[in-house]
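**Student:** Okay, so the sequence shown: first residue is 53 according to our numbering, each after it adds one. Before we start, here is the structure in question, set down as structure tokens.
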Amino acid sequence: MKKIVVIGGGTMGLDIAQVFAKKEFDVVVRDINDDIIKASEARLNKGLDKLVAKGKMDEAKKADILAHMTFTTDLNLAADADLVVEAAIENLDIKKSIFAELDKICKPETILASNTSSISITAIAAATQRPDKFIGMHFFNPATVMKLVEVIRGAHTSDETYQAIHDLSVEIGKEPVEVNEAPGFVVNKILIPMINEACDLLYTGVASAEGIDTAMKLGANHPMGPLALGDLVGLDVCLAIMDTLYNETHDPKYRASLLMRKMVRAGKLGRKTGVGFYDYRK
Ligand SMILES: NC(=O)c1ccc[n+]([C@@H]2O[C@H](COP(=O)([O-])OP(=O)(O)OC[C@H]3O[C@@H](n4cnc5c(N)ncnc54)[C@H](O)[C@@H]3O)[C@@H](O)[C@H]2O)c1
Numbered sequence: 053m054k055k056i057v058v059i060g061g062g063t064m065g066l067d068i069a070q071v072f073a074k075k076e077f078d079v080v081v082r083d084i085n086d087d088i089i090k091a092s093e094a095r096l097n098k099g100l101d102k103l104v105a106k107g108k109m110d111e112a113k114k115a116d117i118l119a120h121m122t123f124t125t126d127l128n129l130a131a132d133a134d135l136v137v138e139a140a141i142e143n144l145d146i147k148k149s150i151f152a153e154l155d156k157i158c159k160p161e162t163i164l165a166s167n168t169s170s171i172s173i174t175a176i177a178a179a180t181q182r183p184d185k186f187i188g189m190h191f192f193n194p195a196t197v198m199k200l201v202e203v204i205r206g207a208h209t210s211d212e213t214y215q216a217i218h219d220l221s222v223e224i225g226k227e228p229v230e231v232n233e234a235p236g237f238v239v240n241k242i243l244i245p246m247i248n249e250a251c252d253l254l255y256t257g258v259a260s261a262e263g264i265d266t267a268m269k270l271g272a273n274h275p276m277g278p279l280a281l282g283d284l285v286g287l288d289v290c291l292a293i294m295d296t297l298y299n300e301t302h303d304p305k306y307r308a309s310l311l312m313r314k315m316v317r318a319g320k321l322g323r324k325t326g327v328g329f330y331d332y333r334k
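Next comes the structure, spelled out in structure tokens:
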């Protein structure tokens, strides 16, 4: 594999792109309009400058990463890609329309992967004529740091496709775990309902946000409290995952917290909007 296209230059897409560029793959980041793509490129520059200032990266490596990355709004740059990793918003219809287009644009051997947090790989793959070359490649936030990649087989994913993404994950320094398709896969089936419970504790006044997070850090030895983690993941992403868990199972234990839904409606999505359970604007 040489050329990788990442769809979406948001929280996950930009970091995933950076992981590949660091390993000298040619990476294209594609988002929907000029303002978003420019903001994404600016965030990359700022992030790399910070690493250089802290002595964690030298100027030569920064220049090398930038030289391996292209920012665009043009999906046609995916025509000769070996792999496309989609990290657009967590919505089945949007993901299906992106992949239906990619299926027409990309060469027949291109592997199509989604970084979805919870949506059925088989359902997204159905938008393409190549479900055997379709797979889940699920990175964790921040993708530049977190070691895990869940490699998710859809109903039609071939062994060759699975092996290629497994091997690629190892090549970029990650630890792949093989997962069979199920709502939320492994990590989010456990993690997001925990964040949802924390929202309910806050909503019902059992403890303050700081109290809930401190309790879980000191009482369960978690490095970060569940509400701070919700802010990091993005509450819109958490809500979309809860809704997928509920809609796929109809089990009431997956009902999204009313507070989580209210915060998403209010645009309080966490770090990416500056406000969530905590205020990041200062
Ligand atoms: N945030 C997390 O912690 C996390 C972790 C793992 C996986 N994910 C998954 O990764 C995906 C992206 O999540 P995120 O947190 O980066 O969201 P985000 O909102 O930060 O970024 C999404 C980006 O996709 C862009 N986009 C929307 N439609 C597009 C299209 N048609 N073509 C190209 N770009 C498009 C948006 O403009 C935005 O820049 C979701 O499926 C999410 O569930 C998120």
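C-beta: ideal position from N, C-alpha, C; glycine also. Remember, predicted model here, so these are calculated numbers, not experimental data.
Assign L270 to buried or exposed, taking buried as 16 or more other Cβ atoms, counted over all protein chains shown, within 10 Å of its Cβ.
**Tutor:** For the purposes of this step, residue 270 is identified with residue 218 of the sequence shown, where counting begins at 1. Counting Cβ neighbours within 10 Å, L270 comes out exposed, since fewer than 16 surround it.
**Student:** With DSSP collapsed to three states, give me the class of D78.
**Tutor:** What you label residue 78 is simply residue 26 of the sequence shown in a count that begins at 1. The answer is strand: DSSP assigns D78 an E or B state.
**Student:** By a C-beta neighbour count over all protein chains shown, 10 Å radius and 16 as the cutoff for buried, is L310 buried or exposed?
**Tutor:** What you label residue 310 is simply residue 258 of the sequence shown in a count that begins at 1. L310 should be labelled exposed.
**Student:** Indicate, with yes or no, if ligand 1 has a heavy atom lying under 6 Å from the CB of G62.
**Tutor:** On the sequence shown, residue 62 is found 10 positions in, with the first residue counted as 1. G62: yes, Cβ under 6 Å from ligand 1.
**Student:** Taking only the alpha-carbon atoms, compute the straight-line gap between D265 and I171 and give it to the nearest angstrom.
**Tutor:** Along the sequence shown, read from residue 1 onward, the residue named residue 265 stands at position 213. Along the sequence shown, read from residue 1 onward, the residue named residue 171 stands at position 119. About 28 Å.
**Student:** Shorter than 6 Å, the distance from the beta carbon of A179 to the closest heavy atom of ligand 3, or not?
**Tutor:** Annotation note on ligand 3: not contained in the displayed structure, which lists ligand 1 as its ligands.
**Student:** Hey, could you find the ends of the beta strand (DSSP E) N232 is sitting in?
**Tutor:** Mapped onto the sequence shown, residue 232 falls at position 180. E227 to N232 is the span of the beta strand (DSSP E), which, as asked, contains N232.
**Student:** Just checking, does the region 285-298 make contact with the region 231-246 on the three C-beta pairs under 8 Å criterion?
**Tutor:** Inter-segment contact for the region 285-298 and the region 231-246 is present: three or more beta-carbon pairs are separated by less than 8 Å.
**Student:** What does the Cβ neighbour count give for T125, buried or exposed, with the cut at 16 atoms within 10 Å?
**Tutor:** To locate residue 125, count along the sequence shown from 1; it is residue 73. Exposed, since its Cβ has fewer than 16 Cβ neighbours within 10 Å.
**Student:** Please determine, among R307, Y306, D288 and R333, the residue with the shortest C-alpha to C-alpha distance to R317.
**Tutor:** To locate residue 317, count along the sequence shown from 1; it is residue 265. If we check each option's Cα against that of R317, D288 comes out closest.
**Student:** Please return the same chain residues whose Cβ sits closer than 7 Å to the Cβ of A177, not counting the five positions on each side in sequence.
**Tutor:** On the sequence shown, residue 177 is found 125 positions in, with the first residue counted as 1. The residues are P183, F186, G206 and H208.
**Student:** Return the chain-ordered list of same chain residues with a C-beta closer than 7 Å to the C-beta of I204, the five sequence neighbours on each side being excluded.
**Tutor:** On the sequence shown, position 152 is the one that residue 204 refers to. Closer than 7 Å at the Cβ level, and outside the excluded window around I204, lie I173, I187, G188, H190, V231, E233 and F237.
**Student:** To test your reading of the DSSP string, which unbroken alpha helix (DSSP H) runs of 4 or more residues are found completely within the region 192-230?
**Tutor:** 211-223
**Student:** Anyone know if the C-beta pair for V136 and V57 falls short of 7 Å?
**Tutor:** Taking the sequence shown and counting its residues from 1, the one referred to as residue 136 is at position 84. Taking the sequence shown and counting its residues from 1, the one referred to as residue 57 is at position 5. In contact: V136 and V57 (Cβ atoms closer than 7 Å).
**Student:** Flag D87 as yes when its Cβ comes closer than 6 Å to any non-hydrogen atom of ligand 1, and as no otherwise.
**Tutor:** Numbered from its first residue, the sequence shown carries residue 87 at position 35. No, the beta carbon of D87 sits no closer than 6 Å to any heavy atom of ligand 1.
**Student:** Leaving out the 5 sequence neighbours to the left and right, which residues in its chain are closer than 7 Å to A175 when beta-carbon positions are compared?
**Tutor:** Taking the first residue of the sequence shown as position 1, residue 175 is located at position 123. Taken in chain order, the residues that qualify are L144.
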